[in-house]
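Colleague:
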Amino acid sequence: MSAVSLIRANSYDRQILQTSLESLLAPLGGISAFVKSGDRVLLKPNLLTGSRPTKECVTRPELVYCVAKMVIEAGGKPFLGDSPAFGSAMGVAKANGYLPLLEELNLPIVEFQGKRYETVSEDFNHLRICKEAMEADVVINLPKLKSHVQLTVTMGVKNLFGCVPGKMKAWWHMEAGKDSARFGEMLVETARAINPNLTILDGIIGHEGNGPSGGEPKFLGILAASDDVFALDRTLVEIINADPATVPTVAAAMRLGLCSNLEAIDFPLLQPETLKVLDWKLPESMMPIDFGMPRVVKSAFKHLYIRFIKEKFSIKASH
78 MSAVSLIRAN SYDRQILQTS LESLLAPLGG ISAFVKSGDR VLLKPNLLTG
128 SRPTKECVTR PELVYCVAKM VIEAGGKPFL GDSPAFGSAM GVAKANGYLP
178 LLEELNLPIV EFQGKRYETV SEDFNHLRIC KEAMEADVVI NLPKLKSHVQ
228 LTVTMGVKNL FGCVPGKMKA WWHMEAGKDS ARFGEMLVET ARAINPNLTI
278 LDGIIGHEGN GPSGGEPKFL GILAASDDVF ALDRTLVEII NADPATVPTV
328 AAAMRLGLCS NLEAIDFPLL QPETLKVLDW KLPESMMPID FGMPRVVKSA
378 FKHLYIRFIK EKFSIKASH
């Protein structure tokens, strides 16, 4: 049975947050259940954009700092990585006030590079995932809870799409973009391939409305953690009172038998029921996943089509 640890937390003050995180992880065995001495630990925050630093679109640097500190205390070697939609991981981190905290702990930031990995799923065996994510000893996924105009809500599973290199993201938006169920499945298969050891969700202040960046901050006062990213997302949908069927990543995980009903999840601390938020704003209207992309299509799609698809099939054909 998967366990999802839930607590109330209302401050990003580093000392208070450190204590909150220790309480949050205690039922899961603490950080040392996940990190052993010498482990290279990828911390994967949501570094969406550098353009709206006060809008709570990215995982708070304080959360990353506190988790990194715990990793170091457990003997691990943390590093930060992401492949933001716009700009570089370093640029977005800088705009969101990460640098002083990174320097204080001497945390490297890695720009992700892509490599093809075989996945469990026949349908998606041409996923390309950043090798830094696949080759880390431990992956700690640090999503922000946000509404999302293409996927209703973005949580742990969607945050791992940041481990797919930039141009490949555009390709997937097009390839699976006409069908949100298929896009949801692709995100679930990406999450399965990366298989994060631990997901800690920043729900102290979320981002509601027309997210992932066009909405507004919303105080929720929640932290959630689990070694099962699918159970964590299923739980959060319950807390913000969204229908799981309308969230493509959760619906796909349920279809694939990866997160069933809430009865199959153990809640060692608070129950989702006690944290329910009834006024969380979902997007006013949904946007197509391929964001009707004429411009990106022309450059990225041609480039990717020639490079991945044609090459792949001509290699197969010549064998």
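So that you can map any letter, position 278 of the sequence shown is 355 in my numbering, and since no number is skipped, the others follow by simple counting.
All residues carry an ideal CB built from backbone N, CA and C; glycine is no exception.
(1) What residue does the alpha helix (DSSP H) around residue 296 start on, and which one ends it?
(2) Cα separation between residue 115 and residue 363?
(3) Runs of 4 residues minimum, wholly inside the segment 306-341: which ones carry the alpha helix (DSSP H) assignment?
(4) Please work out which residues of its chain come closer than 7 Å, Cβ to Cβ, to residue 285, disregarding the five sequence neighbours upstream and downstream, and give them in chain order.
(5) Less than 7 Å separating the beta-carbons of residue 188 and residue 210?
(6) Could you give the DSSP three-state label for residue 391: helix, strand or coil?
(7) Pick out whichever of 161, 102 and 324 has its Cα sitting closest to the Cα of residue 229.
(8) How far does the beta strand (DSSP E) with residue 188 in it reach, from first residue to last?
(9) Threshold first: 4 residues or longer. Then list the alpha helix (DSSP H) segments lying entirely within the segment 209-258, N to C.
(10) Give me the residue from 145, 305 and 299 with the minimum Cα distance to residue 156.
(11) So is residue 90 buried or exposed if we call it buried at 16+ other beta carbons inside 10 Å?
(12) Could you check where the alpha helix (DSSP H) with residue 136 kicks off and where it finishes?
(13) If we cut at 7 Å on Cβ distances, does residue 104 have a partner in chain B?
(14) What whole-angstrom Cβ distance do residue 331 and residue 345 have, given they're in contact under 8 Å?
(15) Judging by CA-CA distance, which residue of 205, 204, 192 and 160 is the nearest neighbour of residue 186?
(16) Do you know offhand how far residue 366's Cα is from residue 249's?
(17) How long is the line joining the alpha carbons of residue 191 and residue 118, rounded to whole angstroms?
(18) For residue 351, count the other beta carbons within 10 Å of its own beta carbon; 16 or more makes it buried, fewer makes it exposed. Which is it?
(19) For residue 96 and residue 120, I'd like the C-alpha separation in whole angstroms.
(20) Can you name, in chain order, every residue of its own chain whose Cβ lies under 6 Å from the Cβ of residue 150, other than the five neighbours on each side?
(21) Who pairs with residue 207 in a beta bridge, going by DSSP?
(22) Of the choices 94, 141 and 111, whose alpha-carbon is the least far from that of residue 122?
(23) How is the beta strand (DSSP E) around residue 285 delimited, first residue to last?
Modeller: In brief:
(1) Where residue 296 is concerned, there is no enclosing alpha helix (DSSP H), although the beta strand (DSSP E) it sits in stretches over 293-303.
(2) 45 Å
(3) 306-316 and 325-332
(4) 224, 292, 293, 295, 357 and 358
(5) no
(6) Its pLDDT being 45, under 50, residue 391 is placed unreliably by the model, and nothing is read from it.
(7) Comparing Cα positions, the closest option is 324.
(8) 186-188
(9) Counting whole runs of 4 or more residues, the segment 209-258 contains the alpha helix (DSSP H) stretches 233-236 and 243-252.
(10) It is 145.
(11) The residue is exposed, with fewer than 16 neighbouring Cβ atoms inside 10 Å.
(12) For residue 136, no alpha helix (DSSP H) segment is defined, and its DSSP state is neither H nor E.
(13) No chain B appears in this structure, which consists of one protein chain only.
(14) Not confirmed; about 23 Å, so no contact.
(15) 160
(16) 9 Å
(17) 18 Å
(18) exposed
(19) 19 Å
(20) none
(21) 191
(22) When C-alpha distances from residue 122 are compared across 94, 141 and 111, the shortest belongs to 141.
(23) Counting along the chain, the beta strand (DSSP E) containing residue 285 begins and ends at 275-285.
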